[in-house]
């Protein structure tokens, strides 16, 4: 059984491991499960399309495609709801849903484990040995729990996209602060439907960003010791969070000078001026180590070796004016922050200056399109999204709701004719591939808690939320894998994570998830052998996470019907007839022995296929 199931890995791996996605692979007509002859056949509100596949409602395929962009995917029931409601109305309903708090969930889980440690070792031992230190795995468990259980699906997806633009990472001293990581993610989640100006301000003021990019306790110049303000945040807030390296046209293309050269959007002098602004910020509140959080008076200086867990990482930084760089600051478009202002006046002026830079709309718009819809949006698509950023229709700049609607309801996202464009599409990032499997079917366990550590998934695919190797995220937005994509002057950002190791390890992760029920490293108890840690296994007891495939298993005697249903849920109708027939032919080899295994074989092979791993 083991060898039979793994054999198809070698049949499918060549299709994904190569870079032939937008050109050779799709240009040759593979992965075309949806047939659309004219754009008039597409209703951008309801999404009805003509679909290959008998006996299945056509609009469910389009709803599946939409939810593959606007969420992590959906089960059969949700597809029907969205297809009936319409995309715009579903988006509006999502805007109105309450937001799940990652900090609240993280604190709840942290408290649970502290009590478990006290039960095992006693309260004195827990305090003396520092078992209350909030390591990042509490944040991880909170993220998975909210992702699996909370109905704010669109907000979750946008927050993930923002976390890969305005990057912090636990691969730093932040590994010691689950509250800091969770609180920062709440900033992204809270502002996902707010205004970009508020998002930029909140990111700038968050102590997790302060630790990660060095502007917490960033002092003013000291001529005696020849020290100057740290420039790290000033550089990255421009390069990565707002305006990018080059001056942009409204459609995201680079402006050129009279010699045909790209025009830099900032220089070293600009970095130095903005660095002066980001001085004087420090933490609001300290904790004595390993106590019940008795507070110290607010003082300048990090103390305790600068450990994030020794300050309250959930409170925005505050300004200490005596440490703020005095004098004027010269910003973009001739704006001068005058001498004599308070530090917060300077900071708000700088945030406004960046927010109003003409690059921000096309720069952020393109990156969000790449995260949600496609790697290579046309200039016209970027221009339409940038226009929504500049004006939501009521004279408001930076309205994220308007931007999200512009991205998800644009003809380039919804018109199925774009599926045939060889430059259209994207490689699904690994964590989204995994979660789409969990979201497509009924995931269940006894406790109804999904406190996943995510260690095995990260080890397999080199990705976990807020765990990138650097501020440049897991992949660059303009990464070009060698071969047809680069030759066509296209980009494929997610391919920077994709190599021979992560490809094979992803297949193995999916194999063990489906055939050994190793979906999550769920832990609700402390590890009795490692003080201060949760159990780091797959918890094979009563709380094991299982995937309910009963509805799919009922179709096992009709292989093509089973494959069509799986294609609708997982592939949005994008599987080629050749792929579907190949999988359908394999199902009878197992169905006579065990219908449950036959269903999992079909699903497993679909998760390996390029037809699934490429979003169109």
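Numbering (the working numbering), first residue to last: 125 to 740. Note that beta-carbon positions come from the ideal geometry of N, C-alpha and C, so glycine has one too. Values in this document were obtained by computation on a predicted structure and should not be read as measured data.
query: Residue of 306, 326 and 585 minimising C-alpha distance to residue 315; result: 326
query: Residue 327 beta carbon near the ligand NAP (any heavy atom closer than 7 angstroms); result: Looking for the ligand NAP in the displayed structure turns up nothing, as the structure carries no ligands at all.
query: Cut-off 6 angstroms between Cβ atoms - residues of its own chain near residue 248, not counting five sequence neighbours on either side; result: none
query: Cross-strand partners of residue 442 (DSSP beta bridge); result: 406
query: Within-8 angstroms CB hit, residue 520 to chain D; result: No chain D is present in this structure, which holds just one protein chain.
query: Bridge partner(s) assigned by DSSP for residue 454; result: 460
query: At least three beta-carbon pairs within less than 8 angstroms, the stretch 337–352 to the stretch 384–392; result: no
query: For residue 322, three-class secondary structure by DSSP; result: helix
query: Residue 516, enclosing beta strand (DSSP E) - first and last residue; result: It is not in any beta strand (DSSP E) - residue 516 carries neither H nor E in the DSSP assignment.
query: Length of the line joining the Cα atoms of residue 459 and residue 436; result: 35 angstroms
query: Endpoints, beta strand (DSSP E) assigned at residue 670; result: 670–672
query: Buried/exposed call for residue 466, threshold 16 Cβ in 10 Å; result: exposed
query: In DSSP terms, what residue 239 is bridged to; result: Partner(s): none; residue 239 has no beta bridge.
query: Residues bridged to residue 551 [DSSP beta-bridge criterion]; result: 738
query: First and last residue of the uninterrupted beta strand (DSSP E) at residue 701; result: Looking at the DSSP string, residue 701 is not in any beta strand (DSSP E); the run it does join, the alpha helix (DSSP H), is 701–710.
query: Nearest residue (CA-CA) to residue 649, options 206, 397, 262 and 333; result: 262
query: Simplified DSSP state of residue 360, which is helix, strand or coil; result: helix
query: Buried/exposed call for residue 193, threshold 16 Cβ in 10 Å; result: buried
query: As assigned by DSSP and simplified to three states, the class of residue 721; result: helix
query: Length of the line joining the Cα atoms of residue 521 and residue 301; result: 34 angstroms
query: With 16 other Cβ atoms within 10 Å as the buried cut-off, status of residue 731; result: buried
query: Touch test, the stretch 273–293 against the stretch 218–233, Cβ-Cβ under 8 angstroms, three pairs minimum; result: yes
query: Residue 386 - partner residues in DSSP beta bridges; result: 380
query: Expected contact under 8 angstroms - CB spacing of residue 564 and residue 487 to nearest Å; result: Between residue 487 and residue 564 the Cβ distance is about 33 angstroms, and since that is not below 8 angstroms, they are no contact.
query: 8 angstroms contact criterion, which residue 200 and residue 693 should meet: CB distance rounded; result: 6 angstroms
query: Coil, strand or helix - residue 202 by DSSP; result: helix
query: Counterpart residues of residue 743 in DSSP-defined beta bridges; result: The structure shown does not extend to residue 743, since the chain is modelled only from 125 through 740, so no value can be given for it.
query: Proximal residues to residue 737 (C-beta, below 7 angstroms), its chain only, five neighbours per side dropped; result: 140, 551, 552 and 557
query: Reference residue 478; option with closest CA among 309, 244 and 398; result: 398
query: Per-residue DSSP class, three states only, for residue 488; result: helix
query: Rounded distance between the beta-carbons of residue 297 and residue 432, thought under 8 angstroms; result: 6 angstroms
query: DSSP three-state assignment for residue 561, whether helix, strand or coil; result: helix
query: Three-way DSSP call (helix, strand, coil) for residue 417 in this model; result: The predicted model places residue 417 with a pLDDT of 39, which falls under 50 and marks its position as unreliable, so this point remains unresolved.
query: Nearest residue (CA-CA) to residue 596, options 205, 365, 733 and 447; result: 365
query: Rounded separation between residue 187 and residue 541 - CA only; result: 16 angstroms
query: Option nearest residue 657 by Cα separation, candidates 579, 724 and 241; result: 241
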